[in-house]
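Have a look at the structure below, then the notes.
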Ligand code: FES
Ligand code: FES
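Protein chains in written order, with the working numbering: chain W, 1 to 157; chain L, 158 to 890.
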């Protein structure tokens, strides 16, 4: 039996070692905020953080994870960057159907963690793996810019 | 006291007899059936079909339209909240049961489609809110022995005018029960000048659950003892298993059972992963059936030939044929549009439980009454015994309104005989290859321009498979053998169900249609339906006529819409907002398209830049729309942005190819969709009017493809007539 580090908690896992992280999160741990969209790392719906990096959970069998720290959309840390991004997402009314939004938010949070003041090109590069069929891209951009502004303002205080 | 109660009683008997006399009363507003009211726990009161109030003042809206990104779950509570005097955010939503009283008054089905939700809800939901509020006022009036004129409501509470007494809505329920208060027969709806919620930009109601991952989509349903199913399907749509060997699958840990269903062979397992691995280990010999020889080249060729032959006349104004014959300025073009998959972000899925006396279905559906009927027939059970629970949906765009109820049927068949719930999730490959597409179309157009450069005659022949023919919906949609959905968007005058025309006036206007046999794949509605192809053919060809007549394409449209004040005004606004007359610069182009879809006029100017090697960018889209009273401007803008993204991706690279019965595309690497870098800046101008609200969900999808194609022509002088644009070497970056 494997143990995984999910949202700051060590979790014993029953799933077969070759199971993609996506299905372990969804089916064994009932963390259904991480979505299935393509299964081949092409859409970003399953984006989670692995040691802070955005990765596609559909393409990572759990046997390769070892002690890596996995963070999903359900990880609510008060005053964390994720909460800030979520707040900006609400302010900009980004979501439509919402299905891609966990992945969008996880990619955006990883980007801002790495680069609090990204250029438009950097935003596009970081978000290009996240498909939104509802076409919320304009608001995704705006919400990321707004989050970036807040981070920069707070830093200069 | 006795006087008031007396009047309450007399009002009650009046309402009852009025109900009998008119049969249905106002749509969706009925007096709570006493048996139903009795079944409710005492703490709850059903005010009418749509509104339930609990003694803790929780207000629940029984939602009879689906939420799949369209914003239905925001505008519906806004309408109720406005009249009921509560914040819309505080209203809970619960899907209404699949019963005729919840059917759409337009479709007479439990159906969310055609961009009519806002219009369908506008009167019924406000009335429901106003009637509920009136019942609460009647209760307070008894409680405090005050005429209701001396009372007012605010934020879920009734107050006396002097504000000395107050009661929450929940506090008043026991009086409604004890005194048998019934809805007033008639209530006045608020004057729009008094609106505090409607017309104000309002954020998506369920957005909080969509940013923290807690929103429950169909794919997220988890039930005790649930099995996961994965279906192996014949590579040729419609084929069946001749023989299969499940021995290797059954050895995979977690695989419970393998069986045949009508869609193929399903592996049942206790995890998705085991089901997927089990499916991979199946050995199946397929009987490919009659579709194995079909290729889309064959369809295109056949349709091109048909386009040269007379079809069924759908519209004939003046005499286009003679007028073209006599003209010495005639243009002729053929436009071709491919199959398109919907590729909803959440792939099709459904969970079903079938026992001897129960069939429960958890399905993200646009089309609940259809699904109920299909499943009832499949199982040979009464419709009302099929219970449908409707979770949120990760996009739909028409896909979840399949008349075959295909993904629901898959799950019901997989669950039948198991006694436990079974969830079948389609892989993306199954979705892309799933055989339900916007049908491919060929349009042949001929037009004549008079000496003043004005279009004199229009003759369009539309060729493509019918969506509605042979379905339950045929009687409403087939007119003289033509599917309205094939020609919607090129008719100049209203026809049948469709109460609008193109908005242009061309003196001679003839539309013919061929609906060839429905073979190969299943033709389906796809965001904006007929307009998704007619819009391209019509608006690009109108541009061709403008060029042939030496007219500016936007000025020509302004001139052609003099008889349609709403569109005429919109186009003038667009000319101004897009700086149309200002030169745009080297390698750049502007294109215009204007459409009326489901009553709402909409027009767009697209600005593009042509780079090296056929690469181009869409830099900006200016969109003007008139959807009557603009219920939620923030939601309207979202639908416009989304509609443009959806239509632009399809115009640029959307294509499903059918070769020897097999679909070539399989996932997002070869069925390309719009990504963030390709998203233009979008500027929306909403012209709010006092007209009743009409839709915006599909409207913006239509003009973007022709606007971009016309902009490409403007920049390069070359016309593209085969879509997607990538097919002509043009690459959106
Ligand atoms: S599901 Fe993992 S990237 Fe699409
Ligand atoms: S919000 Fe629907 S796919 Fe992004």
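Every residue, glycine too, gets a C-beta built ideally from N, C-alpha and C.
Alpha-carbon to alpha-carbon, residue j and residue i
i, j, result
"residue 627/L", "residue 358/L", "42 Å"
"residue 205/W", "residue 56/W", "As shown, chain W starts at 1 and ends at 157. That puts residue 205/W outside it, with no answer to give."
"residue 433/L", "residue 40/W", "14 Å"
"residue 150/W", "residue 117/W", "10 Å"
"residue 552/L", "residue 133/W", "7 Å"
"residue 872/L", "residue 686/L", "29 Å"
"residue 127/L", "residue 558/L", "Outside the displayed span of chain L (158 to 890) sits residue 127/L, for which this structure offers no information."
"residue 555/L", "residue 452/L", "24 Å"
"residue 51/W", "residue 44/W", "17 Å"
"residue 524/L", "residue 530/L", "10 Å"
"residue 96/W", "residue 758/L", "23 Å"
"residue 369/L", "residue 99/W", "11 Å"
"residue 892/L", "residue 16/W", "With chain L running from 158 to 890 in the structure shown, residue 892/L is simply not present."
"residue 538/L", "residue 388/L", "25 Å"
"residue 187/L", "residue 341/L", "Note on residue 187/L: pLDDT 35, under 50, position unreliable in the model; the coordinate value appears next. Rounded to the nearest angstrom, the two C-alpha atoms are 11 Å apart."
"residue 189/L", "residue 331/L", "Model confidence at residue 189/L stands at a pLDDT of 43, short of 50, so the residue's coordinates are unreliable and nothing is read from them."
"residue 663/L", "residue 648/L", "11 Å"
"residue 409/L", "residue 512/L", "27 Å"
"residue 494/L", "residue 709/L", "26 Å"
"residue 875/L", "residue 776/L", "19 Å"
"residue 162/L", "residue 287/L", "Residue placement at residue 162/L is poorly supported in this model, since its pLDDT is 37, which falls under 50; the coordinates are not used for a value here."
"residue 652/L", "residue 325/L", "50 Å"
"residue 631/L", "residue 625/L", "5 Å"
"residue 882/L", "residue 505/L", "28 Å"
"residue 736/L", "residue 818/L", "49 Å"
"residue 837/L", "residue 138/W", "8 Å"
"residue 213/L", "residue 247/L", "12 Å"
Partners in chain L for residue i, counting only beta-carbon separations shorter than 8 Å
i, result
"residue 15/W", "428 and 430"
"residue 47/W", "Near residue 47/W there are no residues of chain L at all, since even the closest Cβ is about 12 Å away, more than 8 Å."
"residue 124/W", "833 and 834"
Neighbour list for residue i in chain W, Cβ cutoff strictly below 7 Å
i, result
"residue 379/L", "30"
"residue 374/L", "99"
"residue 500/L", "133"
Residue i: contacting residues in chain L (beta-carbon distance under 9 Å)
i, result
"residue 74/W", "369, 370 and 371"
"residue 127/W", "832, 833 and 834"
"residue 33/W", "369, 370, 371, 372 and 377"
"residue 42/W", "585, 824, 825 and 826"
Closer than 8 Å at the beta carbon, the chain W residues around residue i
i, result
"residue 614/L", "Neighbours of residue 614/L on chain W: none; closest Cβ ~38 Å, over 8 Å."
"residue 582/L", "36"
Beta bridge counterpart(s) of residue i as assigned by DSSP
i, result
"residue 842/L", "781/L"
"residue 615/L", "604/L and 666/L"
"residue 443/L", "398/L"
"residue 491/L", "601/L"
"residue 754/L", "757/L"
"residue 472/L", "668/L"
"residue 580/L", "385/L and 508/L"
"residue 47/W", "56/W"
"residue 678/L", "DSSP lists no partner for residue 678/L."
"residue 9/W", "6/W"
"residue 516/L", "511/L and 543/L"
Within chain L, the residues that residue i reaches when beta carbons sit closer than 7 Å
i, result
"residue 38/W", "585, 824 and 825"
"residue 52/W", "Chain L residues near residue 52/W: none, gap ~18 Å exceeds 7 Å."
"residue 96/W", "226, 795 and 799"
"residue 86/W", "368 and 369"
"residue 102/W", "370"
"residue 105/W", "368"
* Note down, in chain order, all residues in the stretch 129 to 152 of chain W with a beta-carbon under 9 Å from any beta-carbon belonging to chain L. => 129, 130, 131, 132, 133, 134, 135, 136, 137, 138, 139, 140 and 141
* To do: With 9 Å as the limit, tell me which residues of the stretch 537 to 556 of chain L have their beta carbon closer than that to any beta carbon of chain W; keep them in chain order.
  => 549, 550, 551, 552, 553 and 554
* Asked: Relative to ligand 1, what is the chain-ordered list of residues with a Cβ closer than 6 Å to any of its non-hydrogen atoms?
  -> 36/W, 37/W, 38/W, 39/W, 41/W, 42/W, 43/W, 44/W, 45/W, 46/W, 56/W and 58/W
* the stretch 754 to 786 of chain L: which residues have C-beta closer than 8 Å to a C-beta of chain W, in chain order? -> none
* To do: Residues of the stretch 792 to 810 of chain L with a CB closer than 7 Å to any CB of chain W: list them in chain order, please.
  => 795, 798, 799, 801, 802 and 803
* If you measure beta-carbon to beta-carbon, which residues of the stretch 502 to 530 of chain L are closer than 8 Å to chain W? -> 502, 503 and 504
* Given a limit of 8 Å on CB to CB distance, which residues of the stretch 837 to 851 of chain L reach chain W? -> 838 and 839
* **Residues, ordered as in the chain, of the stretch 404 to 438 of chain L that lie near chain W by beta-carbon distance below 7 Å** => 410, 428, 429 and 430
* **Residues within the stretch 338 to 372 of chain L neighbouring chain W, beta-carbon criterion of under 8 Å** => 360, 361, 363, 364, 365, 366, 367, 368, 369, 370, 371 and 372
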